[in-house]
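Peer 1:
Residue numbers (my numbering), protein chains in the order written: chain A, 1 to 250; chain B, 251 to 430.
1. With DSSP as the reference, please indicate the residues paired to residue 223 of chain A in a beta bridge.
2. Taking 8 Å as the cut-off, does the stretch 188-202 of chain A touch the stretch 276-288 of chain B (at least 3 CB pairs, one atom from each stretch)?
3. Exposed or buried, which one is residue 87 of chain A when buried takes at least 16 other CB atoms within 10 Å?
4. At 7 Å on the CB atoms, spell out the chain B contacts of residue 64 of chain A, in chain order.
5. Name the two residues that bound the continuous beta strand (DSSP E) containing residue 192 of chain A.
6. Are the CB atoms of residue 267 of chain B and residue 71 of chain A nearer to each other than 8 Å?
7. Can you check whether the CB of residue 384 of chain B is closer than 8 Å to the CB of residue 252 of chain A?
8. Taking DSSP's pairing of strands, which residues face residue 147 of chain A in a bridge?
9. Grab the span of the beta strand (DSSP E) containing residue 181 of chain A for me, first residue to last.
10. Kindly say whether residue 20 of chain A, judged by its beta-carbon, lies nearer than 8 Å to any beta-carbon of chain B.
11. Sorted by chain position, which residues of the same chain lie with C-beta nearer than 6 Å to residue 314 of chain B's C-beta, five sequence neighbours on each side aside?
12. Among A:19, A:8, A:69, which one has its Cα closest to the Cα of residue 264 of chain B?
13. Taking the continuous beta strand (DSSP E) assigned at residue 169 of chain A, which residues delimit it?
14. With DSSP run on the structure shown, which of helix, strand or coil describes residue 259 of chain B?
15. Short of 7 Å in beta carbon distance, which residues of its chain neighbour residue 343 of chain B, apart from the five on each side in sequence? Order them along the chain.
16. Give the DSSP-derived three-state secondary structure of residue 232 of chain A in the structure shown.
17. Indicate whether at least one CB of chain B lies closer than 8 Å to the CB of residue 2 of chain A.
18. Ignore the nearest five residues each way along the sequence and tell me which others in residue 300 of chain B's own chain have a CB closer than 8 Å to its CB.
19. With C-beta atoms as the reference, is residue 411 of chain B less than 8 Å away from residue 379 of chain B?
20. Comparing alpha-carbon positions, which option in B:403, B:277, B:293, B:328 lies nearest residue 317 of chain B?
21. How would you write the range of the alpha helix (DSSP H) that residue 161 of chain A sits in, first residue to last?
22. Please decide whether residue 15 of chain A counts as near chain B, where near means a Cβ-Cβ distance under 8 Å.
23. Buried or exposed, going by whether 16 or more other CB atoms sit within 10 Å of the CB of residue 172 of chain A?
24. Residue 125 of chain A: which of A:180, A:158, A:108 sits nearest, CA to CA?
25. Would you kindly work out how many angstroms separate the C-alpha atoms of residue 148 of chain A and residue 178 of chain A, rounded to a whole number?
26. Against chain B, which members of the stretch 38-53 of chain A pass a CB distance test of less than 7 Å?
27. Could you please give me the residues that DSSP links to residue 217 of chain A through a beta bridge?
28. So for residue 311 of chain B, helix, strand or coil by DSSP?
29. Could you check the C-alpha separation between residue 415 of chain B and residue 84 of chain A for me, to the nearest Å?
30. Throw me the rounded Cβ distance for the residue 166 of chain A and residue 142 of chain A pair, which I believe falls under 8 Å.
31. When the cut-off is 8 Å and only beta carbons count, does residue 339 of chain B lie next to chain A?
32. Nearest to residue 293 of chain B by CA position, among B:305, B:405, B:324, is which residue?
33. Here's the rule: buried if 16 or more other CB atoms are within 10 angstroms of the residue's CB, otherwise exposed. What is residue 32 of chain A?
34. Please confirm whether any heavy atom of the ligand ATP lies closer than 7 Å to the CB of residue 114 of chain A.
35. Mind checking whether residue 418 of chain B and residue 371 of chain B have CB atoms under 8 Å apart?
36. Measuring straight from C-alpha to C-alpha, what distance separates residue 386 of chain B and residue 16 of chain A?
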């Protein structure tokens with residue numbers, strides 16, 4: 001076949017419109033014919049040049065949205081809606097319960113960590129030779145002793161007419177924060193009262209109330225930007241009444 | 251894109267037509283050279299196609315059908331009517347006899363802007379068939395359906411379109427080198 005006839009097929013060859021056998025024949029011919037090969041190369045370059053400049057302009061996002069909206073008329077099949085209706089709240093409940101569990105677990109761990117630290121402070125203080133640095137049964141002596149030592153101030157209750165007596169006070173630290181540690185006595189039992197600033201950190205998530213899973217009885221609450229803890233080996237009722245006195249004084 | 255036999259619903263239309271959005275817009279922009287005209291054209295195409303979807307013959311080529319609607323809308327638009335007038339002159343004069351000049355070298359030299367410009371100024375029948383073939387990579391059969399011409403005409407028109415583009419590029423490049 002003369003080259004003219006081969007060349008007439010070049011377009012179809014490159015556009016993949018030749019039959020498989022014709023295409024193979026063309027490939028065989030090109031192997032032996034540099035002129036036709038040059039021609040094929042030229043056609044190929046033209047094809048590529050057009051393809052390269054093909055993308056003319058990109059549609060705007062607004063226009064795309066407009067068309068999408070005009071075409072999207074189909075209501076989603078009912079089944080899919082049903083699935084979503086059922087599934088979405090179910091997933092939500094699952095996630096929520098997981099989150100609550102995590103939060104509760106975290107809070108429990110945080111609570112027991114803080115309270116065991118406070119219990120350690122309580123025990124080690126009472127075991128030491130000098131449990132208190134300011135020895136006084138007079139709240140008007142104990143309270144001023146903390147001035148200049150703590151970045152906050154607090155009020156102590158009047159104990160007249162109660163079974164409690166004030167033993168004294170000392171500086172203490174919980175999670176690197178300074179606080180007041182006061183020792184009270186009731187029927188030969190000592191109780192510790194801790195007062196810290198409520199910094200939203202370590203002691204932030206702690207709930208108030210008695211701590212049942214704790215070997216001591218204890219209670220904690222927050223008031224006026226301060227965090228109070230009462231720890232002792234007395235009954236919950238005694239802890240509660242001291243807590244009430246402190247709460248009322250603050 | 252052969253459409254399987256199935257009930258022709260709006261949902262089916264959406265699934266078939268939306269993926270063609272970028273291609274249709276690009277083609278429209280090549281025809282009109284204008285953003286807002288291209289948008290109008292695409293919008294009109296989708297509206298017409300959606301209305302006429304029930305008459306679309308399943309088992310035939312959906313992409314060719316959509317491009318045909320777009321092209322026909324263009325040809326009946328003001329810009330399209332103007333451009334069709336110019337074809338007659340263009341068709342006879344632009345085609346140069348195939349002389350064996352080493353045009354491969356010339357085309358290789360052409361930068362994208364030169365090619366874009368040459369393609370842009372090609373008459374609509376040549377421009378559209380080149381775009382459908384090289385950019386949309388349609389088969390001759392699809393092109394025939396889109397342009398509603400016999401399959402045999404696709405090949406000869408493509409051949410002439412390529413010749414015209416080659417000539418235009420060649421003139422631009424030779425003109426460019428003369429000027430230097």
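Backbone N, C-alpha and C fix where the C-beta goes; we use that ideal spot for every residue, glycine too.
Peer 2: On the basis of the supplied data:
1. By one-based count along the first chain, residue 223 of chain A stands at place 223. DSSP, once it has assigned bridges, lists A:226 as partnering residue 223 of chain A.
2. no
3. Numbered from 1 along the first chain, position 87 holds the residue referred to as residue 87 of chain A. Residue 87 of chain A should be labelled exposed.
4. Start at 1 with the first residue of the first chain, and residue 64 of chain A comes out as number 64. Those are 271, listed as they occur along chain B.
5. Stepping through the first chain from its first residue, residue 192 of chain A is reached at position 192. Note, residue 192 of chain A: beta strand (DSSP E), 189-197.
6. Along the second chain, one-based indexing puts residue 267 of chain B at 17. Along the first chain, one-based indexing puts residue 71 of chain A at 71. Yes, the Cβ-Cβ distance between residue 267 of chain B and residue 71 of chain A is below 8 Å.
7. This structure gives no information on residue 252 of chain A, because the portion of chain A shown stretches from 1 to 250.
8. As a working note, residue 147 of chain A is residue 147 in the first chain. According to DSSP, which records beta bridges pairwise, residue 147 of chain A is partnered with A:150.
9. Here residue 181 of chain A refers to the residue found at position 181 when the first chain is read from its first residue. Counting along the chain, the beta strand (DSSP E) containing residue 181 of chain A begins and ends at 177-186.
10. The residue labelled residue 20 of chain A in the question sits at position 20 within the first chain. False, the Cβ-Cβ gap to chain B never drops below 8 Å.
11. The count along the second chain starts at 1 and reaches residue 314 of chain B at position 64. Taken in chain order, the residues that qualify are 392, 395, 396.
12. Here residue 264 of chain B refers to the residue found at position 14 when the second chain is read from its first residue. If we check each option's Cα against that of residue 264 of chain B, A:69 comes out closest.
13. Here residue 169 of chain A is taken as the residue at index 169 of the first chain, counted from 1. Residues 165-174.
14. Numbered from its first residue, the second chain carries residue 259 of chain B at position 9. DSSP places residue 259 of chain B in coil when its eight states are reduced to three.
15. As a position in the second chain, residue 343 of chain B is number 93, starting the count at 1. Confidence in residue 343 of chain B is poor, its pLDDT being 36 and thus under 50, which makes the residue's placement unreliable; the coordinate value appears in the next sentence. Closer than 7 Å at Cβ, skipping near neighbours: no residue.
16. Locating residue 232 of chain A in the first chain gives position 232, where the first residue counts as 1. Of the three classes helix, strand and coil, the one that applies to residue 232 of chain A here is strand, per DSSP.
17. Taking the first residue of the first chain as position 1, residue 2 of chain A is located at position 2. So no, residue 2 of chain A is outside the interface.
18. Here the question's residue 300 of chain B lines up with position 50 in the second chain. Hits under 8 Å: 260, 263, 267.
19. In the second chain, counting from the first residue as 1, residue 411 of chain B sits at position 161. In the second chain, counting from the first residue as 1, residue 379 of chain B sits at position 129. Yes, Cβ-Cβ distance for residue 411 of chain B and residue 379 of chain B is below 8 Å.
20. As a position in the second chain, residue 317 of chain B is number 67, starting the count at 1. Closest option to residue 317 of chain B, Cα to Cα, is B:277.
21. The residue labelled residue 161 of chain A in the question sits at position 161 within the first chain. That residue, residue 161 of chain A, is in no alpha helix (DSSP H); it is neither H nor E in DSSP.
22. Looking up residue 15 of chain A in the first chain gives position 15. At least one chain B Cβ lies under 8 Å of residue 15 of chain A.
23. One-based indexing of the first chain puts residue 172 of chain A at position 172. The residue in question, residue 172 of chain A, is buried, as its Cβ has 16 or more Cβ neighbours within 10 Å.
24. One-based indexing of the first chain puts residue 125 of chain A at position 125. Per the Cα distances, A:180.
25. Taking the first chain and counting its residues from 1, one reaches residue 148 of chain A at position 148. Taking the first chain and counting its residues from 1, one reaches residue 178 of chain A at position 178. Looking at the two C-alpha atoms, the distance is approximately 12 Å.
26. 38, 41, 42, 45, 46, 47, 49, 50, 51, 52, 53
27. For the purposes of this step, residue 217 of chain A is taken as residue 217 along the first chain, with counting starting at 1. DSSP, once it has assigned bridges, lists A:232 as partnering residue 217 of chain A.
28. Counting from 1 along the second chain, the entry for residue 311 of chain B is found at position 61. If DSSP states are grouped into helix, strand and coil, residue 311 of chain B belongs with the strands.
29. Working through the second chain from its first residue, we reach residue 415 of chain B at position 165. Working through the first chain from its first residue, we reach residue 84 of chain A at position 84. In a straight line, the C-alpha of residue 415 of chain B is about 55 Å away from that of residue 84 of chain A.
30. Mapped onto the first chain, residue 166 of chain A falls at position 166. Mapped onto the first chain, residue 142 of chain A falls at position 142. So it is a contact: roughly 6 Å between Cβ atoms.
31. In the second chain, the residue the question calls residue 339 of chain B occupies position 89. For residue 339 of chain B, the predicted structure reports a pLDDT of 34, less than 50, and the residue's modelled location is therefore unreliable. A value from the coordinates is still provided. By this cut-off, residue 339 of chain B is not an interface position.
32. Translated into positions along the second chain, residue 293 of chain B becomes position 43. When only C-alpha atoms are compared, the closest one is B:324.
33. Translated into positions along the first chain, residue 32 of chain A becomes position 32. Result: exposed.
34. Ligands are entirely absent from the displayed structure, and the ligand ATP is therefore not among its contents.
35. Within the second chain, the letter at position 168 stands for residue 418 of chain B. Within the second chain, the letter at position 121 stands for residue 371 of chain B. Yes; because the gap between Cβ atoms is below 8 Å, this pair is in contact.
36. Sequence index remark: in the second chain, residue 386 of chain B carries index 136 (1-based). Sequence index remark: in the first chain, residue 16 of chain A carries index 16 (1-based). Taking the straight line from one Cα to the other gives about 14 Å.
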